[in-house]
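Trainee: Numbering (full-length UniProt numbering), first residue to last: 1 to 275. Just so you know, even glycine gets a beta-carbon here, dropped at the ideal spot from N, CA and C. Predicted model only: the values in this text are computed from it and were never measured. Below is one structure. I have some questions about it.
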């Protein structure tokens, strides 16, 4: 039952860090990350990763991106598409162009140097989202541009990593697997388009016919985890699926308490464990 003691310590630290961060006017996520490094195996080693915490953390980041998707202004996201693409392209090219010459100096092959550059180009979109939410700029032009760039960056880097890994492998089976994976990902984005415009609105509008308690919240969570699983299944990040699920749900007029219930589930337990 050691995980109960760890859980108690984590929740107490979250409260203390929250108070301190508010007092010194800094984003709470920064304090939570620092306390995680301090208590984790990197420094003091008081709390060790377990399957329980890993699963809770995964649920936390999925709920965080789902909430961000629901809060996202789709019209503003479309309007800021060009700046987002420009930021994303520069965010991918810059680490690659800087990393490759340095890696070659240390006698890495050019394939290894390029692969390392791609790894460094990956952004932590979930952390960016949490910082933007805390600063109340997620729905501004700047916040939307940063969010859009992070999403595009994440998608492009994942796809490029898959392509790079397969192209640098002489095994022809890997190349055929790559083709199938890319096709699956294309099909996934078609499903996302259909879900945002028709499937999810259809499901949520018929929620009133159900008589079970919290039916809207249950349907929303099912959509969130279902689309996250599909994203992971086709080789994309599950958090991308959660974000798109949030956008789809956000297009439907929801009762305020349904959104608050999702936010409460996330921010009282799962999201703090992720952070």
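Does DSSP classify residue 99 as helix, strand or coil?
Mentor: Of the three classes helix, strand and coil, the one that applies to residue 99 here is helix, per DSSP.
Trainee: Would you call the stretch 193-206 and the stretch 35-55 in contact, with 3 or more CB pairs under 8 Å?
Mentor: Judged by Cβ distances under 8 Å, the stretch 193-206 makes no contact with the stretch 35-55, as fewer than three pairs qualify.
Trainee: Look at residue 262 and residue 227 and say whether their C-beta atoms are less than 8 Å apart.
Mentor: Taking 8 Å as the Cβ cut-off, residue 262 and residue 227 do not qualify as a contacting pair.
Trainee: With a cut-off of 8 Å, do at least 3 Cβ pairs link the stretch 142-149 to the stretch 81-89?
Mentor: Flag = yes, the stretch 142-149 and the stretch 81-89 touch.
Trainee: Where residue 56 and residue 241 are concerned, what is the direct C-alpha to C-alpha distance, given to the nearest angstrom?
Mentor: Going from the Cα of residue 56 to the Cα of residue 241 covers about 17 Å.
Trainee: Buried or exposed: residue 130, going by 16 or more other Cβ atoms within 10 Å of its Cβ?
Mentor: The residue in question, residue 130, is buried, as its Cβ has 16 or more Cβ neighbours within 10 Å.
Trainee: What span of residues does the alpha helix (DSSP H) with residue 41 cover, start to end?
Mentor: Looking at the DSSP string, residue 41 is not in any alpha helix (DSSP H), and its letter there is neither H nor E.
Trainee: Could you compute how far the alpha carbon of residue 34 sits from the alpha carbon of residue 202?
Mentor: Each residue's alpha carbon lies about 43 Å from the other.
Trainee: With burial defined as no fewer than 16 other Cβ atoms inside 10 Å of the residue's Cβ, what is the status of residue 75: buried or exposed?
Mentor: Exposed, since its Cβ has fewer than 16 Cβ neighbours within 10 Å.
Trainee: Determine the closest residue to residue 244 out of 37, 218, 42 and 194, with distance taken between C-alpha atoms.
Mentor: If we check each option's Cα against that of residue 244, 194 comes out closest.
Trainee: What is the DSSP secondary structure of residue 88, counted as helix, strand or coil?
Mentor: Three-state result, residue 88: helix.
Trainee: Compare the C-alpha of residue 225 against each of 60, 36, 92 and 22 and name the closest.
Mentor: Considering only alpha carbons, the answer is 60.
Trainee: Buried or exposed for residue 264, going by 16 or more other Cβ atoms inside 10 Å?
Mentor: Under this definition residue 264 is an exposed residue.
Trainee: Can you check whether the CB of residue 230 is closer than 8 Å to the CB of residue 191?
Mentor: A contact, by the Cβ cut-off of 8 Å.
Trainee: Would you decide whether residue 247 is buried or exposed? Buried here means 16 or more other CB atoms lie within 10 Å of its CB.
Mentor: Buried.
Trainee: Compare the C-alpha of residue 123 against each of 92, 69, 258 and 268 and name the closest.
Mentor: Nearest of 92, 69, 258 and 268 to residue 123, Cα basis: 92.
Trainee: Rounded to the nearest angstrom, what separates residue 83 and residue 153 at their Cα positions?
Mentor: Their Cα atoms are separated by approximately 13 Å.
Trainee: With distance defined between alpha-carbon atoms, name the residue in 140, 138, 114 and 43 nearest to residue 163.
Mentor: The shortest C-alpha separation from residue 163 is found at 114.
Trainee: Is there at least one Cβ from chain C nearer than 8 Å to residue 78's Cβ?
Mentor: The structure shown contains no chain C, having only a single protein chain.
Trainee: For residue 234, which residues from the same chain have a beta carbon less than 8 Å from its beta carbon, with the 5 sequence-adjacent residues on both sides left out?
Mentor: Answer for residue 234: 181, 184, 185, 187 and 188, listed in chain order.
Trainee: Among the candidates 23, 39 and 71, whose CA atom is the shortest distance from the CA of residue 12?
Mentor: Cα-wise, what sits closest to residue 12 is 39.
Trainee: Buried or exposed: which applies to residue 121, given that a residue is buried once 16 or more other Cβ atoms fall within 10 Å of its Cβ?
Mentor: So residue 121 ends up on the buried side.
Trainee: By Cβ distance, which residues of its chain are closer than 6 Å to residue 6, with the 5 residues on each side in sequence left out?
Mentor: These residues qualify, in order along the chain: 47.
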